[in-house]
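Asks: Have a look at this one before I ask anything.
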Amino acid sequence: MAALAANADAAVSIAAAGAIPPLVQLLAATRPVAQQMAALALLRLAANAAIADTIAAAGAIPPLVRMSGPDSPDELIMIAEDTLRVFRDSSAEICAAIAAAEANANVLLMARLGLD
Numbered sequence: 008m009a010a011l012a013a014n015a016d017a018a019v020s021i022a023a024a025g026a027i028p029p030l031v032q033l034l035a036a037t038r039p040v041a042q043q044m045a046a047l048a049l050l051r052l053a054a055n056a057a058i059a060d061t062i063a064a065a066g067a068i069p070p071l072v073r074m075s076g077p078d079s080p081d082e083l084i085m086i087a088e089d090t091l092r093v094f095r096d097s098s099a100e101i102c103a104a105i106a107a108a109e110a111n112a113n114v115l116l117m118a119r120l121g122l123d
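Printed below as a string of structure tokens:
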């Protein structure tokens, strides 16, 4: 799916076929390779601003923010951060949603570390 998503026409077809919600669900998979492949597909799909809005609306931002945290493997962090970077460039609303998810993640991390 990630390879197909790199093609602009295929990306539109993938989104129209309803593949975004299952890809977003895979971001919460227990296997990092599944998360990585889903995030990579979403990264490539998000190159289309309209699709980026659909991906964000499907709930991709909170899991991507979690994936970019210190508990994730380096490869996963890089893909999650690249995907979030593409989202930040797509719209102000998505940028605000990322900021809110990051703030929430920071609060959770501080609580986990006993720094609240």
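The numbering used here puts the first residue of the sequence shown at 8, with every later residue one more than the last. Cβ atoms here follow ideal geometry from the backbone N, Cα and C, with glycine treated the same way.
1. Taking the alpha-carbon of A23 as reference, which of F94, A57, R73 has the nearest alpha-carbon?
2. Can you give me the C-alpha to C-alpha distance between E88 and S20, rounded to a whole angstrom?
3. Give the range of the alpha helix (DSSP H) segment to which L50 is assigned.
4. Taking only runs of the alpha helix (DSSP H) that begin and end inside the region 13-40, which ones reach a length of at least 4 residues, in chain order?
5. What is the DSSP secondary structure of A110, reduced to helix, strand or coil?
6. DSSP three-state label for P69, please.
7. Alpha carbon to alpha carbon, how far is D78 from A17? Give it in angstroms, no decimals.
8. Only counting the same chain, and skipping five residues up and downstream in sequence, which positions put a Cβ closer than 6 Å to that of A2?
9. Count the other CB atoms within 10 Å of the CB of T37; is the residue buried (16 or more) or exposed (fewer)?
10. Anyone know if the C-beta pair for I68 and A108 falls short of 8 Å?
11. By the 10 Å Cβ neighbour count, where 16 or more other Cβ atoms means buried, how is V40 classified, buried or exposed?
Replies: So, from the data block:
1. The option with the nearest alpha carbon to A23 is A57.
2. Computed Cα separation, rounded: 25 Å.
3. Here the alpha helix (DSSP H) through L50 covers 39-52.
4. Whole alpha helix (DSSP H) segments, 4+ residues: 15-23, 27-33.
5. DSSP, read as helix, strand or coil, puts A110 in helix.
6. In the structure shown, P69 sits in a helix (DSSP, three-state: H, G or I).
7. In a straight line, the C-alpha of A17 is about 33 Å away from that of D78.
8. This structure gives no information on residue 2, because the portion of the chain shown stretches from 8 to 123.
9. The residue is exposed, with fewer than 16 neighbouring Cβ atoms inside 10 Å.
10. It is a contact, given that the beta carbons lie within the stated cut-off.
11. Exposed, by the Cβ-count rule.
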